[in-house]
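Peer 1:
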Amino acid sequence: MFHIIKNLAKHSAIYGVADMLSRALGFLMIPLYTHYLSTSDYGTLELLDLTSYIAGMFLGMGITQAVMRFYYKYDDPEMKQHVLSVAMITLSIISVSILALLLLFSDEISTLVFDSESFSRLINIVFITFVIQLAQEVPKALLRMEEKSVLFVSISFTKTLLSLGLNVYFIVGLGLGVMGLLFSGLITASVSAIGFAIYILRRVKFTFSFKMARELLKFGVPLVWGTLGMFILNFGDRFILQRMMSLSEVGIYALAYKFGMMPNMLVMSPFLMIWGPKRFDLVKEANAKSIFATIFTYFVFIEILVSLGIAVTIKDVISVAADPSYAEAHKYVPLLLVSYILNGIYVYVQFGLHLENKTKYLALATLTAAAINTACNLLLIPIVGIWGAAVSTVVAFTFLTIYTHVKSQRLYVVNYEVGRIVKMSVVAMILYAVSLVIDVPNLAFSLIVKMAIALSFPIILYFWRFYSEDELQKMTELSRLVVGTSKRLLLRNSRH
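Here the working numbering is used: the first residue of the sequence shown is 2, the next is one more, and so on.
1. Whole angstroms are fine: how far does the CA of residue 202 sit from the CA of residue 259?
2. Would you mind reading off the limits of the alpha helix (DSSP H) that contains residue 331?
3. Quick one: is residue 476 buried, meaning 16 or more other Cβ sit within 10 Å of its Cβ, or exposed?
4. Can you grab the Cα-Cα spacing for the pair residue 346 / residue 176, in whole Å?
5. Going by DSSP in three states, residue 457 sits in which element: helix, strand or coil?
6. What do you get for residue 288, buried or exposed, if any count of 16 or more other CB atoms within 10 angstroms of its CB means buried?
7. Check whether the Cβ atoms of residue 65 and residue 142 lie closer than 8 Å to each other.
8. By the three-class DSSP mapping on this structure, what secondary structure does residue 442 have?
9. Could you tell me the alpha carbon to alpha carbon distance between residue 397 and residue 364, rounded to whole angstroms?
10. Could you tell me whether the stretch 50 to 70 touches the stretch 117 to 134, where touching means 3 or more Cβ pairs closer than 8 Å?
11. Are residue 182 and residue 382 closer than 8 Å when you measure CB to CB?
12. Report the rounded CA-to-CA distance for residue 120 versus residue 133, giving the unit in angstroms.
13. Would you check if the distance between the CB atom of residue 256 and the CB atom of residue 323 is smaller than 8 Å?
14. Assuming contact is defined by CB atoms lying nearer than 8 Å, are residue 351 and residue 295 in contact in what I supplied?
15. Please report the straight-line C-alpha distance between residue 20 and residue 371, rounded to a whole angstrom.
16. State the DSSP-derived secondary structure class of residue 176, mapped to helix, strand or coil.
17. In three-state DSSP terms, what is residue 466?
18. Can you name, in chain order, every residue of its own chain whose Cβ lies under 6 Å from the Cβ of residue 114, other than the five neighbours on each side?
19. Does the Cβ-Cβ distance between residue 454 and residue 313 come in under 8 Å?
20. Skipping 5 residues on each side, what residues in its chain have a beta carbon closer than 7 Å to that of residue 167?
21. Who are the near neighbours of residue 373 in its chain, counting only those whose CB is closer than 6 Å to its CB and skipping five residues on each side?
22. Can you tell me whether residue 81 is buried or exposed, with buried defined as 16 or more other CB within 10 angstroms of its CB?
23. Given 7 Å as the limit, tell me if residue 341 has its C-beta closer than that to any heavy atom belonging to the ligand FAD.
24. Output the distance between the C-alpha atoms of residue 332 and residue 228, rounded to the nearest integer angstrom.
25. What is the rounded straight-line gap between the Cα of residue 69 and the Cα of residue 433?
26. Suppose only complete runs of 4+ residues qualify. What are the alpha helix (DSSP H) ranges in the stretch 254 to 318, listed by chain order?
27. Which residue comes first and which comes last in the alpha helix (DSSP H) that contains residue 72?
28. Among the residues of its own chain, which have a CB less than 6 Å from the CB of residue 223, if the five just before and after it don't count?
29. When you compare only the Cα positions, how much space is there between residue 261 and residue 208?
30. Using three-state DSSP, classify residue 137 as helix, strand or coil.
31. Between the Cα of residue 4 and the Cα atoms of 283, 425, 443, which residue gives the shortest distance?
32. Among the candidates 173, 13, 236, whose CA atom is the shortest distance from the CA of residue 38?
33. Below 6 Å CB to CB, which residues in the same chain sit around residue 17 once its five sequence neighbours on both sides are set aside?
34. So, residue 268 versus residue 303, is the Cβ gap smaller than 8 Å?
35. Does the beta-carbon distance from residue 275 to residue 150 come in below 8 Å?
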């Protein structure tokens, strides 16, 4: 089992590091963008991104997730190729058909979003770019299924560098503003699409069957409604806050939300890049359910450790990183962190629904959770303000996780290590409570003390007999390896 965990950790780390590097490069470009783009330009880009996101929910039809499910259903290489081929053709037909409609009604969409037809050209470029990007999703899924994480992130990182270079050229060199950014995205998507087309054409012999297309769509289409539900669940509270409070409260809550979602970005997203396809392969193993239970424990362990580190230091971090007007944002972060730990659990435990092609229950779960979230927001925000939005998020994700777990367990029973999960939760809550009563005036020393509190999490679990004998043995071997490697490096440096 440990070789499986080691493999998952390796690929997750590769995806995670690459994602952080791409985000860091984007962050470094902010001064340039803010210098050459006005606030109205930024507003335009934000609305274009939102429009693209909403259109993207329906253009993809959940085909990429369906590919991962059905690719591993067959052992015959020809059938695997058939799944990829049908997915590519089906996705192309659907996306091009919907694109034609979107382009036909671009003036109306522009009026709906911007209250003016003058933005229709920008909207057309956004839609065309998205469809070109969509054509890359099946080849990218194949790279993930074949565990070619290094190649995947190399392509992604090259795309990021090309995009940034073109952004500088179009914005600074040609002064094209928003149009320049959109041209950059279109060119980058086209170049990468050509590369992926060459890759997939060498790997897949194109065939088609309506039966396979129906199976893929039956699995994928409910996920579209699930994505819509998650969109409302993640962003709906901002609109209610703006209506019932003010834009100032929206800004404070938005900052808190960015920190609250960090377990998603740092842990869940990189992990899912490899786990998403890998779980359909592992389910064929004789001890699959035991593997699933153990990996779940480790996944939750990392999510809680990262969340605890953020929760205990967030007050100090915001005091340094943000203007004093955002200071109260730290109060809402812990609740949002709990919400996104639950979100990670929800994503993990839904496997039974994927395995048995019952994705309609995921759509029902997310839409119901979105409705619960909206109702709680409408009830609580007028009474307790931002706290109402944070509490509503926890309530909605709690329902979502419990409902999905119950439904999934009826189809594929996994005996999760509940006792160990409870131990982790109790220790994390105690350590967080301890951090609240410690008040260190010196900022640097305060951060050190609070990070020490977070890092004591695995140590306290050791004294509570959390780890198995096999785990302790593997940790001892790893420690010896690290110490031995460090000694060799020190000796080598001393000789030089």
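Here a beta-carbon is modelled for each residue, glycine too, at the ideal position from N, C-alpha and C.
Peer 2: Taking the geometry as given:
1. Within the sequence shown, numbered from 1, the residue matching residue 259 stands at position 258. Within the sequence shown, numbered from 1, the residue matching residue 202 stands at position 201. Between residue 259 and residue 202, the alpha-carbon positions lie close to 40 Å from each other.
2. If you number the sequence shown from 1, residue 331 lands on position 330. No alpha helix (DSSP H) contains residue 331, which DSSP labels as neither H nor E.
3. Residue numbering aside, residue 476 sits at position 475 when the sequence shown is read from its first letter. The residue in question, residue 476, is exposed, as its Cβ has fewer than 16 Cβ neighbours within 10 Å.
4. Counting from 1 along the sequence shown, the entry for residue 346 is found at position 345. Counting from 1 along the sequence shown, the entry for residue 176 is found at position 175. Each residue's alpha carbon lies about 46 Å from the other.
5. For the purposes of this step, residue 457 is taken as the residue at position 456 of the sequence shown. Residue state, collapsed to three classes: coil.
6. What you label residue 288 is simply residue 287 of the sequence shown in a count that begins at 1. Flag for residue 288 reads exposed.
7. Taking the first residue of the sequence shown as position 1, residue 65 is located at position 64. Taking the first residue of the sequence shown as position 1, residue 142 is located at position 141. A contact, by the Cβ cut-off of 8 Å.
8. By one-based count along the sequence shown, residue 442 stands at place 441. Under the three-state reduction of DSSP output, residue 442 falls in the coil class, being neither helix nor strand.
9. If you number the sequence shown from 1, residue 397 lands on position 396. If you number the sequence shown from 1, residue 364 lands on position 363. Using only the alpha carbons, I get a separation of about 14 Å.
10. yes
11. In the sequence shown, the residue the question calls residue 182 occupies position 181. In the sequence shown, the residue the question calls residue 382 occupies position 381. Result no, Cβ atoms of residue 182 and residue 382 do not sit closer than 8 Å.
12. The count along the sequence shown starts at 1 and reaches residue 120 at position 119. The count along the sequence shown starts at 1 and reaches residue 133 at position 132. Their Cα atoms are separated by approximately 20 Å.
13. The sequence position of residue 256 within the sequence shown is 255, counting from 1. The sequence position of residue 323 within the sequence shown is 322, counting from 1. Result yes, Cβ atoms of residue 256 and residue 323 sit closer than 8 Å.
14. Numbered from its first residue, the sequence shown carries residue 351 at position 350. Numbered from its first residue, the sequence shown carries residue 295 at position 294. For residue 351 and residue 295, no; Cβs fall outside 8 Å.
15. The sequence position of residue 20 within the sequence shown is 19, counting from 1. The sequence position of residue 371 within the sequence shown is 370, counting from 1. Spanning the two alpha carbons is a distance of roughly 28 Å.
16. On the sequence shown, residue 176 is found 175 positions in, with the first residue counted as 1. Residue state, collapsed to three classes: coil.
17. Position 465 of the sequence shown, counted from the first residue, corresponds to residue 466. Reduced to three states, the DSSP call for residue 466 is coil.
18. Within the sequence shown, numbered from 1, the residue matching residue 114 stands at position 113. Hits under 6 Å: 48, 52.
19. Start at 1 with the first residue of the sequence shown, and residue 454 comes out as number 453. Start at 1 with the first residue of the sequence shown, and residue 313 comes out as number 312. Result yes, Cβ atoms of residue 454 and residue 313 sit closer than 8 Å.
20. The count along the sequence shown starts at 1 and reaches residue 167 at position 166. Result list for residue 167: 185, 188, 189, in chain order.
21. Here residue 373 refers to the residue found at position 372 when the sequence shown is read from its first residue. Counting only Cβ-Cβ distances below 6 Å, and skipping sequence neighbours, we find 397, 400.
22. Within the sequence shown, the letter at position 80 stands for residue 81. Per the 10 Å Cβ criterion, buried.
23. Among the ligands in the structure shown, none appear at all, so the ligand FAD cannot be discussed.
24. For the purposes of this step, residue 332 is taken as residue 331 along the sequence shown, with counting starting at 1. For the purposes of this step, residue 228 is taken as residue 227 along the sequence shown, with counting starting at 1. Their Cα atoms are separated by approximately 29 Å.
25. For the purposes of this step, residue 69 is taken as the residue at position 68 of the sequence shown. For the purposes of this step, residue 433 is taken as the residue at position 432 of the sequence shown. So the two alpha carbons sit approximately 39 Å from each other.
26. As far as the stretch 254 to 318 is concerned, its whole alpha helix (DSSP H) runs of at least 4 residues are 270 to 283.
27. Residue mapping note: residue 72 aligns to position 71 of the sequence shown, counting from 1. Per DSSP, residue 72 is one residue of the alpha helix (DSSP H) stretching across 64 to 72.
28. Here residue 223 refers to the residue found at position 222 when the sequence shown is read from its first residue. Answer for residue 223: 360, 361, 364, listed in chain order.
29. Your numbering for residue 261 matches position 260 in the sequence shown. Your numbering for residue 208 matches position 207 in the sequence shown. Between residue 261 and residue 208, the C-alpha separation is close to 45 Å.
30. The residue labelled residue 137 in the question sits at position 136 within the sequence shown. Coil, per DSSP.
31. Here the question's residue 4 lines up with position 3 in the sequence shown. When each option's Cα is compared against that of residue 4, the closest is 283.
32. By 1-based counting over the sequence shown, the position of residue 38 is 37. Out of 173, 13, 236, 173 has the C-alpha closest to the C-alpha of residue 38.
33. Here residue 17 refers to the residue found at position 16 of the sequence shown. Hits under 6 Å: 271.
34. To locate residue 268, count along the sequence shown from 1; it is residue 267. To locate residue 303, count along the sequence shown from 1; it is residue 302. Yes, the pair counts as a contact, with Cβ atoms nearer than the cut-off.
35. Numbered from its first residue, the sequence shown carries residue 275 at position 274. Numbered from its first residue, the sequence shown carries residue 150 at position 149. When the beta-carbon positions are compared, residue 275 and residue 150 come within less than 8 Å of each other.
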